[in-house]
Amino acid sequence: MGFFEFAAGNWRDVVDAAVAHVVLVVVALALATAIAVPLAVLTYRHQMGRTAVIGVAGVFLTIPSYALFGLLIAPLGLGNAPAVVALTLYALLPIIRNAVVGLRSVDPAVAESARAMGMPARRRLLLIDLPLAWPVIITGMRVATQLLLGIAAIAAAVNGPGLGTLILNGLAKAGTPFGTYLAIEGIVGIVVLAILFDLGYVALNRLSISRGIRD
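In my numbering, the protein residues as written are 227 to 441.
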């Protein structure tokens with residue numbers, strides 16, 4: 227049996243695994259963004275604060291994925307929980323760093339003009355600072371997404387969902403054609419998802435960023 231015949235016979239399993247992979251990545255990315263952007267807002271004006279936050283997020287990113295997933299088994303067990311927590315921690319650094327860079331790159335003259343007009347600090351943040359920093363924040367989310375798509379495959383080691391299960395099952399059957407086919411399906415699936423997510427971010431850029439800011 228060739229690869230394409232094998233793929234035609236289990237394409238539903240591949241689709242189900244791909245959907246689970248997407249859900250896992252999106253949930254972790256949403257949690258990381260909800261944590262990272264407020265941290266950036268709180269610390270971007272203070273050197274010690276932003277250095278500490280970026281440093282801690284950087285430490286998470288240096289932990290080998292197998293080690294982090296393994297460490298999370300004791301408090302969280304197997305399945306979705308350790309996978310989501312680990313991916314959230316891995317996504318923090320690129321989003322925090324880009325959010326800080328974006329907020330610090332806002333032209334002080336723009337903020338000063340809003341302040342002179344009597345605009346409160348919270349409204350300046352919501353209506354001026356964050357919209358102007360949004361293109362850089364999106365770039366951080368884009369980098370985090372591509373990172374998570376690959377690392378999410380390791381979640382299969384702790385019974386997490388996604389295309390990693392195909393790769394892990396394939397490696398367990400190493401030396402057989404079916405094992406190779408399973409691994410290829412998982413790898414190709416992740417590559418396809420990476421391309422689709424990237425196209426999605428291109429569309430998000432066009433829809434959520436005004437032409438004046440993009441140009």
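Just so it is clear, CB atoms sit at the ideal spot from N, CA and C, and this is done for glycine as well. All values reported here derive from a predicted model rather than from experimental measurement.
### L425 burial status per 10 Å Cβ neighbour count (16 or more: buried)
exposed
### Query
For A234, does the three-state DSSP call read helix, strand or coil?
helix
### Task
Could you check what DSSP says for H247 in three-state terms: helix, strand or coil?
helix
### Message
Threshold first: 4 residues or longer. Then list the alpha helix (DSSP H) segments lying entirely within the region 330 to 386, N to C.
### Response
334 to 342, 347 to 350, 356 to 377
### Message
Buried or exposed, going by whether 16 or more other CB atoms sit within 10 Å of the CB of R348?
### Response
exposed
### Task
Would you please state the rounded distance, in angstroms, between the beta carbons of N324 and V282? I believe it to be under 8 Å.
Not really, about 16 Å apart at Cβ, beyond 8 Å.
#### Entry: Range covered by the alpha helix (DSSP H) that runs through A409
403 to 434
### Message
What residue range does the alpha helix (DSSP H) around Y292 cover?
### Response
291 to 302
### Message
Going by C-alpha to C-alpha distance, which of V418, A379, E411 sits closest to G235?
### Response
E411
### Task
Would you kindly work out how many angstroms separate the C-alpha atoms of Y292 and P387, rounded to a whole number?
15 Å
### Query
In the structure shown, what three-state DSSP assignment does Y316 receive?
helix
### Task
Determine the direct distance from the alpha carbon of A359 to that of A370, and round the result to whole angstroms.
17 Å
### Query
Can you tell me whether DSSP reads R276 as helix, strand or coil?
helix
### Query
Below 8 Å between beta carbons: does that hold for I364 and A382?
no
### Task
Determine the direct distance from the alpha carbon of Y427 to that of V414, and round the result to whole angstroms.
20 Å
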